[in-house]
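For reference, the structure discussed in these notes is given below.
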Amino acid sequence: MARSVFSFLFLFVTVFASAQMDNTKLDIILKRESDSLQSNGNQWQMLYKDRLLICVTDENANRMRIISPIAEIGKLEETELKNALVANYHTALDVKYAISDEYMWSVFIHPLKELTEEQVVDALSQVYYANLTFGGSYSSTTLVFPGNTKKKEDPETKVKKI
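Quick note, the sequence shown lines up with residues -19 to -1, 1 to 143 if you use mature numbering (1 follows the signal peptide of the UniProt record, and there is no 0).
So this is what it looks like as structure tokens:
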């Protein structure tokens, strides 16, 4: 019994201690993982492989996001927008496609303190791949959830039944 309690406490302390992400730890990870990095307190702009990624945090609200601009909304076809929504369910796993300020973005959002180093590294990769594969497979990893993953090629014309 005492051994079980000790094991539980050790596991709890280990998990708790490793799960306290902050801007300082995040900065170290982003410097290591990016090709180039500019930072300004709680904002980082970086080149990750060949894509622009931006990370923004709010330590008081315990939130962070990593985002990457994909394209202006006005330049996208309706099928691309629909395919992004399908991908949000099936192939864009921890990231999502989102629209803000007239741009399509790949986005990862997470509580900051609970974030692990491995999750940051994985998030950078997923945001990058979601950006890279937009218009093609719309995927953030090679993992795909089963279901209707067919992308629409042409908008369907709905016929009203009389």
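Every residue, glycine too, gets a C-beta built ideally from N, C-alpha and C.
Start and end residues, beta strand (DSSP E) containing residue i
i             : result
residue 150   : Outside the shown range of the chain (-19 to 143) lies residue 150, about which nothing can therefore be said.
aspartate 39  : 32 to 39
glutamine 107 : Careful: glutamine 107 lies outside any beta strand (DSSP E), inside the alpha helix (DSSP H) at 98 to 113.
leucine 18    : 17 to 20
Local conformation of residue i per DSSP, three classes
i             : result
proline 136   : The predicted position of proline 136 is uncertain, since its pLDDT is 45 and thus under 50; no value can be drawn from it.
leucine 93    : coil
asparagine 64 : helix
glutamate 59  : helix
lysine 141    : The predicted position of lysine 141 is uncertain, since its pLDDT is 42 and thus under 50; a value taken from the coordinates is nonetheless stated next. Looking at lysine 141 - three-state DSSP - the assignment turns out to be coil, as it is neither helix nor strand.
leucine 124   : coil
Nearest neighbour of residue i, chosen from the options [CA to CA]
i              : options                        : result
leucine 57     : Thr123, Ser121 and Phe115      : Phe115
threonine 122  : Ala79, Glu98, Asn69 and Gln26  : Asn69
glutamine 26   : Glu95, Gly55, Ala42 and Pro50  : Pro50
glutamate 118  : Leu34, Ile80 and His71         : The displayed chain sequence assigns serine, not glutamate, to residue 118. Serine 118 has its Cα closest to that of His71, out of Leu34, Ile80 and His71.
arginine 32    : Glu40, Ser81 and Ser15         : Ser15
threonine 105  : Gln1, Gln24 and Leu34          : Here residue 105 is leucine; the residue named in the question, threonine, does not match the sequence. Checking every option, the nearest Cα to that of leucine 105 belongs to Leu34.
leucine 124    : Asp75, Ile90 and Met85         : Asp75
asparagine 112 : Leu93, Tyr29 and Asp3          : Tyr29
isoleucine 54  : Met45, Ile90, Ala73 and Ala79  : Ala79
isoleucine 48  : Val88, Asp82, Thr38 and Tyr109 : Val88
serine 120     : Thr38, Ala42 and Lys77         : Lys77
glutamate 40   : Thr60, Ser17, Pro92 and Met85  : Pro92
tryptophan 86  : Asp3, Tyr110 and Asp103        : Tyr110
Host alpha helix (DSSP H) of residue i (start-end)
i            : result
glutamine 26 : Premise fails: glutamine 26 lies in the beta strand (DSSP E), 24 to 29, not in any alpha helix (DSSP H).
alanine 73   : Per DSSP, alanine 73 belongs to no alpha helix (DSSP H) and is neither H nor E.
leucine 11   : 4 to 14
For residue i, the residue or residues it bridges with in DSSP
i         : result
serine 87 : Ser49 and Tyr78
Query raised in the report: Do the segment 8 to 25 and the segment 64 to 77 make contact, defined as three or more Cβ pairs closer than 8 Å?
Result: no
Report task. Report yes or no: do the segment 18 to 25 and the segment 92 to 106 share at least 3 C-beta pairs separated by less than 8 Å? Result -> With the cut-off at 8 Å, the segment 18 to 25 and the segment 92 to 106 do not touch.
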